[in-house]
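Residue numbers (this note's numbering), protein chains in the order written: chain U, 6 to 328; chain W, 6 to 328; chain G, 6 to 328; chain H, 6 to 328. From the three backbone atoms N, C-alpha and C, an ideal C-beta is built for every residue, glycine too.
4 protein chains.
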Amino acid sequence: MNTFGRIFRISIYGTSHNSELGILIDGCPPGMEISIEEFSEEILRRSSGQQGTTPRQEDDIPFIKSGIYNGRTNGTPLLISFKNNNFKSADYEFGGFCRPGHADFAAAAKYKNFNDPNGGGQFSGRMTLPLVAAGVIAKKIIPDVEIKAEIYSIGNTRNINHEIEDAKKQLDSLGGIVQCNISGINPGLGEPFFDSVESLISHAVFSIPGVKAIEFGEGIRSASMRGSVFNDVFIDKSGKTGTNNSGGINGGITNGNDIYFRVYFRPASSIGKRQKTLNFETGEIQDFELKGRHDTCYVLRTPVIVEAVAAIVLADLTLLSAC
Amino acid sequence: MNTFGRIFRISIYGTSHNSELGILIDGCPPGMEISIEEFSEEILRRSSGQQGTTPRQEDDIPFIKSGIYNGRTNGTPLLISFKNNNFKSADYEFGGFCRPGHADFAAAAKYKNFNDPNGGGQFSGRMTLPLVAAGVIAKKIIPDVEIKAEIYSIGNTRNINHEIEDAKKQLDSLGGIVQCNISGINPGLGEPFFDSVESLISHAVFSIPGVKAIEFGEGIRSASMRGSVFNDVFIDKSGKTGTNNSGGINGGITNGNDIYFRVYFRPASSIGKRQKTLNFETGEIQDFELKGRHDTCYVLRTPVIVEAVAAIVLADLTLLSAC
Amino acid sequence: MNTFGRIFRISIYGTSHNSELGILIDGCPPGMEISIEEFSEEILRRSSGQQGTTPRQEDDIPFIKSGIYNGRTNGTPLLISFKNNNFKSADYEFGGFCRPGHADFAAAAKYKNFNDPNGGGQFSGRMTLPLVAAGVIAKKIIPDVEIKAEIYSIGNTRNINHEIEDAKKQLDSLGGIVQCNISGINPGLGEPFFDSVESLISHAVFSIPGVKAIEFGEGIRSASMRGSVFNDVFIDKSGKTGTNNSGGINGGITNGNDIYFRVYFRPASSIGKRQKTLNFETGEIQDFELKGRHDTCYVLRTPVIVEAVAAIVLADLTLLSAC
Amino acid sequence: MNTFGRIFRISIYGTSHNSELGILIDGCPPGMEISIEEFSEEILRRSSGQQGTTPRQEDDIPFIKSGIYNGRTNGTPLLISFKNNNFKSADYEFGGFCRPGHADFAAAAKYKNFNDPNGGGQFSGRMTLPLVAAGVIAKKIIPDVEIKAEIYSIGNTRNINHEIEDAKKQLDSLGGIVQCNISGINPGLGEPFFDSVESLISHAVFSIPGVKAIEFGEGIRSASMRGSVFNDVFIDKSGKTGTNNSGGINGGITNGNDIYFRVYFRPASSIGKRQKTLNFETGEIQDFELKGRHDTCYVLRTPVIVEAVAAIVLADLTLLSAC
């Protein structure tokens, strides 16, 4: 349930306010050089401290507890863990409220109230930190593939700075769109049905908290296009196409052109602004105000996470293609 | 690779022009009554013969080859097969061309040219017929859940008839949007990460040929909304919310409100209209004209397929929730 | 539940008295030449008609329903099915009895009495026919590996003919031991823990009806040996060892020496001889006499089945070793 | 590859001389009370310090890093880790030798020489410590089931003390047999084919280092028995049988009678006694003498490990039976 992948397999564990959280990575080829330093840049891209992101600061230092011998993978699973140092569980008592937009109500049903509410527990955005670490490893398995995700828009606009200022002032939060482009990919990866490239990437992307939509190529616009416009015609023998409306994937299989997709993030559920919602204890609709540290726009931190899950899928498909 | 699900597991086989195609279904509880008649309505919804769909007619009669004893499931896998009677393989020789928009090029790379090109082989829309059959079984496992998909728009419009007439006249094809609504679902299904409800439904939906985007709830609009607007506030103790922007899923888990999602289909790749594309033998850009039978708007046939894959996911999650 | 393997994956379906039974095989590399004739010899080895085996005759002709194009695998799953023609379901009504030694009682508990009792249903030895077919495919994936299983002993003896005559006369059945030797295997297959070669082969072997024990190398004797005697010492640089007590596997991994293992089959449960057992309806211990066609010594038919499941495991491990 | 189970899923990581080793356990129902103290007794049963076992002493204290909230499982995976404190890697340099009986040669082939040789790396018997921890959890999931493994024989004898003294004096090692009995199990667990109870238990048991054979019920003797003797006849309506030659399993499914099986362990490969074997550097057969700490009879420590893997299988099957 907390595992993804067939050869390159990742299993996530921990919660926001556990002593630690992390990821177990199986299927790494033996002999890969890995050093802690390689994680810094990617982890920094995800870290808070940017405008509009949460003031919670963590060390975010990865500890590789297994799988490495003399600086190289030894063929056994890598366990990469992170400590949770800087949290305030006291912030996570909400009286009779289930926070609007959050998983509190759904989780209580699933876990019969035994789940850890602090910091969102297993639903915390902090759980994406190990995903980023796994992404670092995945990218090393496919060195010729370049994966680049970036902010496409925030809220209604690409004039992002002003939008964030404004939302922050109003104690509100913002959604946004991240676009990811992948070049250097071999044709022939993926499967025609259940393991289509779109199936696997969307599976992984929707495990990132906050994602509510994904489109591959000109996916959304494609529904209103005609075939004669949408079809990507070939222009050379390598399979390069003139347009790339299909986002590099035909019939679920890579065609060698760039894969690209856009990910739609809803605004963060946690806002300082007062909301009216049900108090489950009193049975009445009441004012609800959330304490704690919140991102005005966590979306700014997500491009590296999107890259990570795309890399995880493509590393697995690449290893599988050798069978 | 051709299998999906954990308890309720389906494995698809066959191609468009094989003698048969079908699906193997494992994990059905024993004792379910199943008769051939129950498949008719769903299969009819998928069948051609509607305005704008292919003139190819098949019997589309399901043969249940195993898993049934005295009219009830006996606990062993169900094999459901369909015959391929009415095909013309001669239509599928394209000289030096890889058809634009199709998987011909990608498949040649993946299968080293050993794949069956006829009728699109394993990439054929005909492969969705066994999915519909599996959907019939899946729906019976979750009798209290109502799944209803319908056409939301075709091409640019909801005035669909005229749009189809026009495209047909121009030998072109049309995309469209299907909306699916699911009510009666228990809260607590799904997982916080890799097996989020969105992850699993999108995984299954993207295995339907032609799908290029999916949004859950107000997924696309959510990226431009603020948290105070997007958040669904609770209005009663059952967990019902006033709005349902999140589409019934929080943190990957069902919250008991209706699940809804929209699926974006690209226009069919096969069009009668002349296209300019590379001839891989001559190395020149040439005119390419496609013979054969084509759907102007195959999207009209997809709502029942979307329902089927949603039912498959929810049947599996429901069985899993008992563990 | 009815599936085995990671890349080369097989899924079994059907029962003894269904219209058909068979196997779905995923993960075959595209481009393998396959013809029906290749199955004949192996299927004949399994077939009845030998001394001491059941008089039931089936055509046992494999139908390859999918996965082949122009005589070669096309990269999609192979469905191989067999018809059930020659059965007498009337033989399978036992009054209030659960047959001693059979799965009748266990199956009733598992399947809540919805299982098909005829011919043993899914527990029938006939289910090994599709395993043999899958073995034929598996052997083609590892052409350099030679797998040879043969009868080691029947009942108490290696003087087999007389033993069978005697048991037949007494309307009784016989167990036996099959030894399997595998040469030409590369070193380095398998995993140190859960997917050790012994784990995977034993997993597959114990799915053959009637198997109750397995030993690898001198496994049983090894428990009473000392390390200085058991240890296989190396005698040349290829890794060849002087003795082969470990049966070619160290730490779960092949070492390049021959793999060998012995499989212990219990005698068939179905015997003509009168037995005393509980009548569940009357609640009394009564005489029970079994009609129908029975093998005196089904073990004679099993070497090819043992080879098949070994080949299935090794084909999968060989494909995996390329990742 | 390092994962086992379908609902109750365990993934093992680490090596003998890593900073830590452990196990990730997914699929525990939420709300189970778990305390560190519950592990002590089982871990003590596995620990060294008994007559004939290695003098290496470790703290063997389990650290539960995740999955617990307020003393109860919270529905997320449990990570249980153990520190490696007391090791001497210097003992693990063997010149040009691959140790006889060990996985050195096989591992070099598999991991292309990147594996960690120290303490046997991932092949170390120390890896069974996390299995024991997972067994503690598994047993709590099936509280009505009693699993009891014990030494059946050591070397040639049940007069164990003298045998160990003698082997120790001769710097040699001893194998042995462990018998495991399981009572209180429901009928109806397991599957007729690939997931037969025997398949799953043997799969798990053969992942314990040193196991070379397994028999269920009177498995080995059964091969020389006749059906009229082997068949277990029913004696009451609960399904109880007079004899239990089949070890509580018919057709792969539990029948409610006690499951029992015997596990055959080869003697430890590491012995102090001088052996003649190939020096891969010189290409000559030379004397080889092993330093380091060795068990004369590690088998004494294995009953709790056998119980653990049996519990892991049965916990998984029990959870699955609810689907």
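Environment of residue i [buried if 16+ CB atoms lie within 10 Å]
i      : result
R163/G : exposed
I66/U  : exposed
H167/H : exposed
L49/G  : exposed
I142/H : buried
N250/H : buried
A138/H : buried
G124/U : buried
K174/W : exposed
N118/W : exposed
Of the residues the options, the one placed nearest residue i, counting alpha carbons only
i      : options                           : result
G277/U : S233/W, K245/W and D263/W         : S233/W
T81/G  : I15/G, G57/G and K217/G           : I15/G
A315/W : G57/W, V268/W, A273/W and I41/W   : V268/W
G3/H   : G195/H, P197/H and N161/H         : It is not possible to answer for residue 3/H, since the shown part of chain H is limited to 6 through 328.
I152/G : N123/G, S204/G, Q175/G and V183/G : V183/G
G76/H  : T20/H, E42/H and L305/H           : E42/H
A112/U : L325/W, N260/W, I28/W and Q127/W  : N260/W
N120/H : E196/G, Y97/G and Y157/G          : E196/G
S52/H  : Q280/H, I310/H and V318/H         : I310/H
K296/W : Q280/W, F285/W, R306/W and T307/W : Q280/W
Y97/W  : E294/W, G252/W, I39/W and D321/W  : E294/W
N23/U  : R306/U, D237/U, Q127/U and E223/U : Q127/U
D177/H : L324/H, L319/H, T58/H and G32/H   : T58/H
I156/U : A313/U, L305/U and A320/U         : L305/U
E38/H  : I73/H, E203/H, E25/H and Y265/H   : I73/H
P272/G : R226/H, D200/H and I159/H         : R226/H
Separation of residue j from residue i, as counted between CA atoms
i      : j      : result
A172/H : P35/U  : 38 Å
S207/G : L136/W : 35 Å
A154/U : P148/W : 42 Å
I187/U : N255/U : 15 Å
G288/U : L205/G : 56 Å
D263/W : E220/H : 52 Å
A228/H : T307/H : 27 Å
S129/G : T20/G  : 7 Å
I17/U  : F44/U  : 17 Å
S274/G : F198/U : 43 Å
T5/W   : F110/G : Residue coverage of chain W in this structure runs from 6 to 328, which leaves residue 5/W outside it and unanswerable.
E223/W : D321/H : 39 Å
N284/W : N90/W  : 32 Å
Identity of the residues DSSP links to residue i by a beta bridge
i      : result
E286/G : None; E286/G has no bridge partner.
I137/H : Per the sequence shown, the amino acid found at residue 137/H is Val instead of Ile. According to DSSP, which records beta bridges pairwise, V137/H is partnered with nothing at all.
T259/G : I254/G
G19/G  : L26/G
D31/G  : R14/G
K153/U : N186/U
K174/W : In the DSSP output, where bridge partners are listed per residue, K174/W has none listed.
S86/G  : G27/G and F68/G
Residue i beta carbon near the ligand FAD (any heavy atom closer than 7 Å)
i      : result
I190/U : Of the ligands one can find in the structure shown there are none, so the ligand FAD has no counterpart to examine.
Residue-chain proximity (residue i, chain C), Cβ-Cβ < 8 Å
i     : result
I73/G : Note that chain C does not occur in the displayed structure, where the protein chains are U, W, G and H.
Tell me, please, whether the segment 98-106 of chain H touches the segment 290-308 of chain G by the rule of three or more beta-carbon pairs shorter than 8 Å. no
Just checking, does the segment 191-211 of chain W make contact with the segment 235-242 of chain W on the three C-beta pairs under 8 Å criterion? no
Does the segment 206-224 of chain W come close enough to the segment 70-89 of chain U that 3 or more CB-CB pairs lie under 8 Å? no
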